[in-house]
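Numbering (this note's numbering), first residue to last: 239 to 467. We treat Cβ as the ideally placed atom computed from N, Cα and C, and that holds for glycine. Data block below; observations after.
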Amino acid sequence: GAFYAWGLAVLMLVVLRRQGRWPLIGAALASVAVASALTLALANAGVLSGNNIFVRTAGSGEALYTTSGRWAMWQDALSAIVRHPWLGYGPEGYLTSACCDGTHRGYLKFAIQPHSMLLLWLLEFGVLGTVALGWLASRVIRAVAGEDARWLHWLRNDDRFQWLSISLLGLFAYGSIDGVFYHAIPLTLAATLAGLWVARVHALAAAQTAGRPVESEPAHAPEPGIGMG
């Protein structure tokens, strides 16, 4: 999941950035090469135990998915959602309702969440609750950004907005196949990035309304008397 999220973030940067694309591609390939060599060296030395990505992708690559139990876990979660689609099972419903003790048991029995943010939200809040959360988030973003937000322009031309957006996109990609939005530490990171993203949107929208570049805004108001003769 982390590797997929990283790959998506790099791809988005390559597509969006007008300058420095080749150094970025070179740095990404170098990172993959170094990480691969280090993983193989540690595995061959017996230091790195467990199924690394090379072991799990050997042959047909089926072990990449079956060893984690994702398919069975998602099938159980989908079956549970179909049984109670509209309002879900409530907070921590995956654990408290025993909704996922069904026929698909190819994964560990102590799984505490379905390893997918969308399945988790549908399980806990149902279709109605998930749609309501999405609507609320869209209203907040529109209220902050205004009706004339220049999303694509900001994404291409403002470095801070670009990096924050891509970081959040990577977390959402990671969360689609893992528990990023369930565990406290990654959820705190996502919330912090979301807060910084909203603050940047607010600054860009305010600068756009005033008709000036956002970079021209002072970091703080000058104190009285400073710089006066």
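- Boundaries of the alpha helix (DSSP H) harbouring G331: 331 to 334, taken from the DSSP string.
- Counting C-beta pairs closer than 8 Å gives three or more between the segment 438 to 446 and the segment 384 to 398, which meets the contact rule.
- Under the three-state reduction of DSSP, W324 is assigned to coil, being neither helix nor strand.
- For R308, the closest of G433, T430, I415, S269 by C-alpha to C-alpha distance is I415.
- Here A318 has C337, C338, L361 as same chain residues with Cβ atoms under 7 Å from its own Cβ, once five neighbours each way along the sequence are excluded.
- Considering only L402, L251, G326, Q400, the residue with the shortest C-alpha distance to T368 is G326.
- With a 10 Å radius around the Cβ and a threshold of 16 neighbouring Cβ atoms, P352 comes out buried.
- Here G408 really is in contact with A243; their C-beta atoms are around 4 Å apart, less than 8 Å.
- In the structure shown, Q351 adopts coil according to DSSP, grouped into three states.
- Proximity to L442 across P424, T430, D397 peaks at D397, based on C-alpha coordinates.
- Secondary structure at E385: coil, using DSSP grouped into helix, strand and coil.
- Closest by C-alpha distance to L246, out of I423, H421, A310, F410, is F410.
- Pairing H440 with V365 gives a Cβ-Cβ distance that is not under 8 Å.
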